[in-house]
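Engineer:
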Ligand SMILES: [Zn+2]
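Residue numbers (my numbering): 1 to 468.
1) Which whole-angstrom value is the C-beta distance of residue 153 and residue 159, which I expect to be below 8 angstroms?
2) Using only the alpha-carbon positions, how far apart do residue 279 and residue 404 sit?
3) Our contact map puts residue 265 next to residue 293 with C-beta atoms below 8 angstroms; I'd like the distance itself, whole angstroms only.
4) Are the CB atoms of residue 342 and residue 257 within a distance shorter than 7 angstroms?
5) Can you tell me whether residue 270 is helix, strand or coil according to DSSP?
6) Should the segment 306-319 be regarded as contacting the segment 334-341, the criterion being three or more beta carbon pairs within less than 8 angstroms?
7) On the three-state DSSP scale, how would you describe residue 193?
8) Assign residue 338 to one of three DSSP states: helix, strand, or coil.
9) Mind reading off the beta-carbon distance from residue 228 to residue 373? Whole number of angstroms is fine, and I expect it under 8 angstroms.
10) Kindly indicate which three-state DSSP category residue 72 falls into: helix, strand or coil?
11) By how many angstroms is the C-alpha of residue 319 removed from the C-alpha of residue 240?
12) Please tell me whether, using a cut-off of 6 angstroms, the distance from the CB of residue 60 to the nearest non-hydrogen atom of ligand 1 is below it.
13) Just to confirm, does residue 210 get its C-beta within under 6 angstroms of one of the non-hydrogen atoms of ligand 1?
14) DSSP puts residue 243 in a beta bridge; with which residues?
15) Since residue 173 contacts residue 156 with CB under 8 angstroms, what's their CB separation in whole angstroms?
16) Residue 124 and residue 150 - do their beta-carbons sit closer together than 7 angstroms?
17) Tell me, please, which residues DSSP counts as bridged to residue 12.
18) What span of residues does the alpha helix (DSSP H) with residue 231 cover, start to end?
19) Can you check the segment 113-200 for any alpha helix (DSSP H) of at least 4 residues that lies completely inside it and give the ranges in chain order?
20) Short of 8 angstroms in beta carbon distance, which residues of its chain neighbour residue 135, apart from the five on each side in sequence? Order them along the chain.
21) Just tell me which of 116, 202, 177, 109 has its CA closest to the CA of residue 195.
22) Can you tell me which of 104, 432, 17, 88 puts its alpha carbon nearest to the alpha carbon of residue 209?
23) Looking at residue 351: is its Cβ nearer than 7 angstroms to the Cβ of residue 232?
24) Given the structure, does residue 213 come close to ligand 1, in the sense that its CB is under 6 angstroms from one of the ligand's heavy atoms?
25) Report back the beta-carbon spacing between residue 263 and residue 300 to the nearest angstrom; my notes put them in contact at under 8 angstroms.
26) Considering only DSSP beta bridges, list what residue 369 is partnered with.
27) Can you grab the Cα-Cα spacing for the pair residue 295 / residue 383, in whole Å?
28) Apply the 10 Å Cβ neighbour rule to residue 62 and answer buried if 16 or more other Cβ atoms are within range, or exposed otherwise.
29) Nearest-angstrom Cα distance between residue 409 and residue 76?
30) Mapping the DSSP letters down to three states, classify residue 429 as helix, strand or coil.
31) Should the segment 321-337 be called in touch with the segment 352-368, which here means at least 3 C-beta pairs below 8 angstroms?
32) Suppose you measure from the CA of residue 51 to the CA of residue 20; what does that come to, to the nearest Å?
33) Tell me, to the nearest whole angstrom, how far the beta carbon of residue 380 is from that of residue 111; I am working on the premise that it is less than 8 angstroms.
34) Taking Cβ positions, are residue 6 and residue 348 nearer each other than 7 angstroms?
35) How far does the alpha helix (DSSP H) with residue 408 in it extend, from its first residue to its last?
36) Which residue or residues does DSSP assign as beta-bridge partners of residue 93?
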């Protein structure tokens, strides 16, 4: 699958501090080393729930957890059929997890550096030293060189290839199970996956250490964004607002606005499809920073649209206009006539946003001049900045959700929607009933909802841009 390039990926590692650094020099003074990850490279910290999931999957597959609790881990979402995330520990990719929507489960794809953090006890193949030399050069694992195939190994499993002393020399997919491989004297046992050699140097650290290591880089970015806001506010002479969604990007945008020009009102498009945590976050932010919030009511617009057009789909997002853009346009009309809105848009989010200018007008909201102070920030900049400022970010992120918006957004991947089904059964049941009822009334197939088919519209067209 094609990986879009949306901007230089700033990830480096300090091997003295064991932390990610978004630049060539660490706060400790040491030079950092570059860490190559798959584009677009919008990186985020692994939160405890992410680490629990990954460790659970590794324990199941390989009999040992991957991420030590006192190490920092970073996740990098990469293009895939549904969802796949690279796992970075010790300044190297040590594995990936991939959701298989057809099977309703996650698959683990380990990397050869993973055994620097864990000892595989299940699903490994041990080879003799004679074979090891060829395997290191990229050859498949052939029957004659195999000393042992761990007994849980089945055909198609991901396996580690180890030497007798337990050193990992490769990873790949088993071409046959342990049972079948036993009587065999020739043939391919494991097809090796090619991996770019990397440096993995694990060690303990905290996110506070990472903040210290990045203070200078964050200050530079912060200064650029503050200047951008000040210059624009001066130049345009319009009332300034911050479009606040309850997500991390809009929170950083608010913090920058407060530093640049002082308290500004928040614009919140309430679709009525928000998570309870998002509403709680808005209250917390309003309290903490003493800013007023103006709510644009999008809920009635949503259900009106639903009764006429059915659920929105990935390629038929009528909802953004109905429950965000139009209500926001009316709210601005009523309150200010026209305003400048600071928006948490970033280029690393999508090709569309990469191509967007830093100041624009959405044709559906002509009375709003929109601007993106954090257009050039990577998600990891955003997170480190929020940690540095001890800002009250939405607790949904700690539950392993990386998209904060309408809970049933069809643009979410299936892995995300499955998590919501498990964590928010009441919300999800409400949505299931509404979609199922609409499906029955309009003659859709019986499994229209459960199969996820409602998310794609036949003959639908391009995505509507939701930023207002
Ligand atoms: Zn350092």
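Don't be surprised by glycine CBs; every beta carbon is placed ideally from N, CA and C.
Structural biologist: So, to answer that:
1) The sequence position of residue 153 within the chain shown is 153, counting from 1. The sequence position of residue 159 within the chain shown is 159, counting from 1. That pair is a contact at about 6 angstroms.
2) Position 279 of the chain shown, counting from 1, holds the residue named residue 279. Position 404 of the chain shown, counting from 1, holds the residue named residue 404. About 11 angstroms.
3) Translated into the one-based positions of the chain shown, residue 265 becomes position 265. Translated into the one-based positions of the chain shown, residue 293 becomes position 293. About 7 angstroms separates the two Cβ atoms, so the contact holds.
4) Position 257 of the chain shown, counted from the start, is the residue given in the question as residue 257. Position 342 of the chain shown, counted from the start, is the residue given in the question as residue 342. Taking 7 angstroms as the Cβ cut-off, residue 257 and residue 342 qualify as a contacting pair.
5) Taking the chain shown and counting its residues from 1, the one referred to as residue 270 is at position 270. Strand, per DSSP.
6) no
7) By 1-based counting over the chain shown, the position of residue 193 is 193. Here residue 193 sits in coil by DSSP.
8) The count along the chain shown starts at 1 and reaches residue 338 at position 338. In the structure shown, residue 338 sits in coil (DSSP, three-state: anything other than H, G, I, E or B).
9) The residue labelled residue 228 in the question sits at position 228 within the chain shown. The residue labelled residue 373 in the question sits at position 373 within the chain shown. 5 angstroms between Cβ atoms; contact.
10) If you number the chain shown from 1, residue 72 lands on position 72. In the structure shown, residue 72 sits in coil (DSSP, three-state: anything other than H, G, I, E or B).
11) On the chain shown, residue 240 is found 240 positions in, with the first residue counted as 1. On the chain shown, residue 319 is found 319 positions in, with the first residue counted as 1. Approximately 26 angstroms, taken between the alpha carbons.
12) Within the chain shown, numbered from 1, the residue matching residue 60 stands at position 60. It does not: the Cβ of residue 60 is nowhere closer than 6 angstroms to a heavy atom of ligand 1.
13) Position 210 of the chain shown, counting from 1, holds the residue named residue 210. Not under cutoff, so the answer is no.
14) Position 243 of the chain shown, counting from 1, holds the residue named residue 243. Its beta-bridge partners are 267.
15) Within the chain shown, numbered from 1, the residue matching residue 173 stands at position 173. Within the chain shown, numbered from 1, the residue matching residue 156 stands at position 156. Confirmed, Cβ separation roughly 6 angstroms.
16) For the purposes of this step, residue 150 is identified with residue 150 of the chain shown, where counting begins at 1. For the purposes of this step, residue 124 is identified with residue 124 of the chain shown, where counting begins at 1. Yes. Within cutoff.
17) Locating residue 12 in the chain shown gives position 12, where the first residue counts as 1. In the DSSP output, where bridge partners are listed per residue, residue 12 has 21, 34.
18) Here residue 231 refers to the residue found at position 231 when the chain shown is read from its first residue. That run of the alpha helix (DSSP H) goes 207-236.
19) 129-136, 178-182
20) One-based indexing of the chain shown puts residue 135 at position 135. Within the same chain, residue 135 has close Cβ partners 127, 141, 145, 161, 169, 170, 192.
21) If you number the chain shown from 1, residue 195 lands on position 195. Of 116, 202, 177, 109, the residue nearest in Cα terms is 109.
22) By 1-based counting over the chain shown, the position of residue 209 is 209. Nearest of 104, 432, 17, 88 to residue 209, Cα basis: 17.
23) Position 351 of the chain shown, counted from the first residue, corresponds to residue 351. Position 232 of the chain shown, counted from the first residue, corresponds to residue 232. No, the Cβ-Cβ distance between residue 351 and residue 232 is not below 7 angstroms.
24) Numbered from 1 along the chain shown, position 213 holds the residue referred to as residue 213. Residue 213: yes, Cβ under 6 angstroms from ligand 1.
25) Here residue 263 refers to the residue found at position 263 of the chain shown. Here residue 300 refers to the residue found at position 300 of the chain shown. Contact flag wrong, Cβ pair sits at about 30 angstroms.
26) For the purposes of this step, residue 369 is taken as the residue at position 369 of the chain shown. Bridge partners of residue 369: 340.
27) Here the question's residue 295 lines up with position 295 in the chain shown. Here the question's residue 383 lines up with position 383 in the chain shown. Distance between the alpha carbons of residue 295 and residue 383 is about 26 angstroms.
28) Here residue 62 corresponds to residue number 62 of the chain shown, with the count starting at 1. Buried.
29) In the chain shown, residue 409 corresponds to position 409, counting from 1. In the chain shown, residue 76 corresponds to position 76, counting from 1. Near 21 angstroms, if we compare the C-alpha coordinates of residue 76 and residue 409.
30) Counting from one through the chain shown, the residue named residue 429 turns up at place 429. Residue 429: helix per DSSP, three-state reduction.
31) yes
32) Working through the chain shown from its first residue, we reach residue 51 at position 51. Working through the chain shown from its first residue, we reach residue 20 at position 20. C-alpha separation (whole angstroms): 17 angstroms.
33) One-based indexing of the chain shown puts residue 380 at position 380. One-based indexing of the chain shown puts residue 111 at position 111. Wrong, their Cβ atoms sit about 20 angstroms apart, outside the cutoff.
34) Along the chain shown, one-based indexing puts residue 6 at 6. Along the chain shown, one-based indexing puts residue 348 at 348. Yes; because the gap between Cβ atoms is below 7 angstroms, this pair is in contact.
35) In the chain shown, the residue the question calls residue 408 occupies position 408. It is not in any alpha helix (DSSP H) - residue 408 carries neither H nor E in the DSSP assignment.
36) In the chain shown, counting from the first residue as 1, residue 93 sits at position 93. The partner list for residue 93 (beta bridge, DSSP) reads 88.
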